[in-house]
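Asks: Have a look at this one before I ask anything.
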């Protein structure tokens, strides 16, 4: 028998393992819905729930001036689409009560003599009491309000008394802002690529780890270990099905992203699939590693759950990496989810090419190699 | 006796401070039906796992089918069949699929696999049950199937770890018919059991107590030595002073 | 009664003795609070900024210094042409490019229209808005310092309850809810199903203890542990993360107790409708933890969700508990403001309890 023949036969053994895994997966009634329904549910719920978009802000009005000017300003707020008035009162404490009870997220206080002051001095103060429990939302609300007041100011040059002009034309800086890739600032464009990562992660990590532990639990692993099968054959046969399923999930996810959410795809699909394969190898290695250190599916599940929660929350998917303290930012460098989220966003939304993402891709590749060799090393046909 | 197929020399397995198997030495000849008896927890399964290359020994030496258990465990695996204590075929696959899978990972070619598999399923007389999921079949059938699967790649030696646990006497008897059939074709059978009537069927039996081999001989000689009428009484005489059980 | 107390004690030691479980119950909450308290923030700080200065004059120089001095903008690249913007974004070197238009100083003084453009990569829309706001206020300050106050209405925002806009304030209550769900609901459901699976439940039920005593006995240890967890977390929140407790701490603890009861009754309910640990685990994960993270307002505001999800969020106990905790700790609210949320939790607890008792006795017959 020559070597080539041996190699061919070796691959055939992997083929038998693959066949068996797919038979089992497709026969498992509990598993099928998990594999094929979860992507849909996840995409729909996550993309809609995971949003910091701040829609119509409910505000409470306290107009102590009751002038034509204040009325016009209020009208600006209510017609902007950003704000919705939920009540009006004239007692200071009532405003705070409204914030406490949650009926309003902002109290707009227009002081007495508002119009008069603007006409005589060129300035008038407007107080915004914003519920800042959620600091981020509060920042956005302030932004909305400032935008409205800013444009109101520009449209009311007539109100500013000539006498107060500094020279003929007062110095000014015009601030303009634009979003380079997402000019309409659509939130789902930002979230969906990251959610695709979560999708692939759950399949890759949970199913693979659980699968081998299950064979341990029911004892079939012994029956396999007592055969002359090679380690690489067993591991390939165990990992390949989930690599394939992971990529299939990603494909479904990408279709939903495109058709359901109209997320742009500026980069190349092959690049995404290539990175996803590398990423899945990292996860599958981790899953395999978990399966070698646990004895029951419950333990495997707990460990997988623990890691995935930490990795997902520290991935920059929900909260920006830049907001984290430096030690945490450094820690995220070893987080594969962080790199894949980063790559997905850059490739899909910014059209990054292989050169642009070479650094995170290299990190993932190193992790894949490290994880797989660690797992293969820990996996023993012979226990001690 | 014919040539030796298993030889152990002071084979020992320790888990931490617990000695599961304590310096056992014995030989098994080719073609024998060798009964490996002992109370629960006496160390039978640990010993089998060492001989099948699933567990590496702590001390001592052993060779199986002429291969060393430390260095050549993969070669051992090519020469042996194994049916584990816990029923270990895939419940969610059909008999035919199980046969195909295990034959496949033993490296059987596809034509060989087909021919042998069909012959085997026929011999088992499964009929149309060959294509229903294993989980729907009675335990007795599953055990016969597992035994046949262990023989699929024509090993010289087969290890059966409590192959007849949990079934009725008639089914057990039928299973032993299979074992005889196999042994008559020259395959060595290494079988553990705690049914003492089964011990009578063996060519030779060893009785393990607390990790050591307390006795090893043919059933008749053992009965004579301990001056009792059944293997059951032999076992009780030997196992009663055991320090560990369960 | 003495028998019952003995049973509770046995259950308690059972939990404590299993090291892995004990670690999950005590170490994990603390670890998670520390990790997430420090690491999960959505404040916009340290934006990697590229500067594209098309005029290079005194004003742009001073404005650049002022922008960078704020600490929000971290200089990461100096660009020299607009063509480089795309590249800088794609490589991920910068998130924001500040562009000073040509003849900046000149146009500022004479046309009123010096052009300062804030180009965000736009991938995170809110960062876009917030960063633009920062830039505008820096420019406003600059003009004011130079003695050119811009005329018009000046909005003066007051950030109520959380002037530092710290996200810890927001996340700590969410973490409390999450941890309590984990310990109370998930652990209880798994522990009861384990007894069912291993058959020891039958043993307990044929003992002289009444079924209700068995259930209560199983639950009391978890109740105690959860309550210890609440106290730990509240103390850590106050003394390590500086989250204020403006309302009554007694009320906070009482409401937490109520939420623990809700979670425990959910755990019992799950265990009565499942037969294997695995199913209990899946239901707890998919049905309790995920919604608690995603739909309760823990990280993402409920008001930001589309209405079907807002509707669903109503049946998630954590959503109401979050309002309670945030109300008491941050806003100093009392029962007068929070009676509605309290009632909802009570109603849920009663409902879960009733259904479980009914299911439980059905099984016994």
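Protein chains in written order, with my numbering: chain A, 122 to 505; chain B, 11 to 256; chain C, 4 to 368.
The beta carbon of each residue, even a glycine, is placed where N, CA and C say it ideally should be.
1. What number of angstroms, rounded off, separates the C-alpha of residue 137 (chain B) from the C-alpha of residue 92 (chain B)?
2. Run down chain C in chain order and give the residues with a C-beta less than 7 Å from the C-beta of residue 248 (chain A).
3. Under a CB-based cut-off of 8 Å, is residue 385 (chain A) close to chain B?
4. Going along chain A in order, which residues have a C-beta closer than 7 Å to the C-beta of residue 48 (chain C)?
5. For residue 64 (chain B) and residue 503 (chain A), which I take to be in contact (beta-carbon distance under 8 Å), what is that distance rounded to the nearest angstrom?
6. What residues of chain A sit near residue 114 (chain B), judged by a beta carbon separation below 9 Å?
7. Applying a beta-carbon distance threshold of less than 9 Å, which residues of chain B neighbour residue 504 (chain A)?
8. Less than 8 Å between CB atoms is the rule here; does residue 80 (chain C) satisfy it with respect to chain A?
9. Buried or exposed for residue 309 (chain C), going by 16 or more other Cβ atoms inside 10 Å?
10. With a threshold of 8 Å between beta-carbons, can residue 102 (chain B) be considered close to chain A, or not?
11. What distance in whole Å lies between the Cβ atoms of residue 89 (chain B) and residue 165 (chain B), which are believed to be in contact at a cut-off of 8 Å?
12. So that I know if they touch, is there some Cβ in chain C lying closer than 8 Å to that of residue 317 (chain A)?
13. Rounded to whole angstroms, what's the CA-CA distance from residue 70 (chain C) to residue 174 (chain C)? Just pull it up for me.
14. Within a Cβ cutoff of 6 Å, which residues of the same chain sit near residue 57 (chain B), ignoring the five residues on either side of it in sequence?
15. What whole-angstrom Cβ distance do residue 49 (chain C) and residue 224 (chain C) have, given they're in contact under 8 Å?
16. Residue 185 (chain C) and residue 292 (chain C): beta carbons closer than 8 Å?
17. Between which two residues does the alpha helix (DSSP H) carrying residue 354 (chain A) extend?
18. Report all residues from its chain with a CB closer than 7 Å to the CB of residue 456 (chain A); omit the five preceding and five following residues, and keep chain order.
19. What span of residues does the beta strand (DSSP E) with residue 225 (chain A) cover, start to end?
20. Which bits of chain C does residue 264 (chain A) rub up against, with CB to CB less than 8 Å?
21. Restricting to Cα atoms, I'd like to know which of A:449, A:315, A:195 is closest to residue 168 (chain A).
22. Using DSSP with H/G/I as helix, E/B as strand and the rest coil, what is residue 321 (chain A)?
23. May I ask you to verify whether the stretch 249-262 of chain A touches the stretch 151-165 of chain C, counting CB pairs closer than 8 Å and requiring at least 3?
24. For chain A, check one thing: does any of its Cβ atoms lie closer than 8 Å to the Cβ of residue 166 (chain C)?
25. Would residue 476 (chain A) pass as a contact of residue 302 (chain A) if the rule is Cβ separation under 8 Å?
26. Specify, as a first and last residue, the run of the alpha helix (DSSP H) that residue 198 (chain C) falls within.
27. Please give the ranges of any alpha helix (DSSP H) in the stretch 187-252 of chain A, keeping only runs that are unbroken, at least 4 residues long and fully inside the region.
28. Tell whether a beta-carbon distance below 8 Å holds between residue 179 (chain A) and residue 225 (chain A).
29. Counting only beta-carbon separations shorter than 8 Å, does residue 95 (chain C) have a partner in chain A?
30. Would you verify that the beta carbon of residue 107 (chain B) is, or is not, closer than 8 Å to some beta carbon of chain A?
31. Establish whether the CB of residue 53 (chain B) and some CB of chain A are separated by less than 8 Å.
32. By Cβ distance, which residues of its chain are closer than 8 Å to residue 197 (chain C), with the 5 residues on each side in sequence left out?
33. Run the CB neighbour count on residue 267 (chain C), radius 10 Å, all protein chains shown included, and call it buried at 16 or more, exposed below.
34. Do you know offhand how far residue 182 (chain C)'s Cα is from residue 269 (chain C)'s?
35. In three-state terms, what does DSSP make of residue 120 (chain C)?
36. With a threshold of 8 Å between beta-carbons, can residue 211 (chain B) be considered close to chain A, or not?
Replies: In short, the structure shows the following:
1. 25 Å
2. 159, 161
3. no
4. 443, 444
5. 6 Å
6. 133, 134, 136, 137, 138, 140, 141
7. Ordered by position in chain B, the residues that pass the 9 Å Cβ test against residue 504 (chain A) are 59, 64, 65, 66.
8. no
9. Exposed: under 16 other Cβ atoms inside 10 Å.
10. Under the Cβ criterion of 8 Å, residue 102 (chain B) is counted among the residues facing chain A.
11. 6 Å
12. no
13. Between the alpha carbons of residue 70 (chain C) and residue 174 (chain C) lies a distance of about 29 Å.
14. 31
15. In fact, because the Cβ distance is near 45 Å, the residues do not count as touching under 8 Å.
16. yes
17. 352-380
18. Same-chain partners within the cutoff: 432, 435, 436.
19. Looking at the DSSP string, residue 225 (chain A) is not in any beta strand (DSSP E), and its letter there is neither H nor E.
20. Chain-ordered, the chain C residues with CB closer than 8 Å to the CB of residue 264 (chain A) read 132, 133, 135, 136.
21. A:315
22. If DSSP states are grouped into helix, strand and coil, residue 321 (chain A) belongs with the helices.
23. yes
24. yes
25. By the CB criterion at 8 Å, residue 476 (chain A) and residue 302 (chain A) fall outside the cutoff.
26. 190-201
27. 189-200, 213-222, 235-242
28. yes
29. yes
30. yes
31. Nearest CB-CB separation between residue 53 (chain B) and chain A: not below the 8 Å threshold.
32. 280
33. Under this definition residue 267 (chain C) is a buried residue.
34. A direct Cα-to-Cα measurement between residue 182 (chain C) and residue 269 (chain C) gives close to 15 Å.
35. If DSSP states are grouped into helix, strand and coil, residue 120 (chain C) belongs with the strands.
36. no
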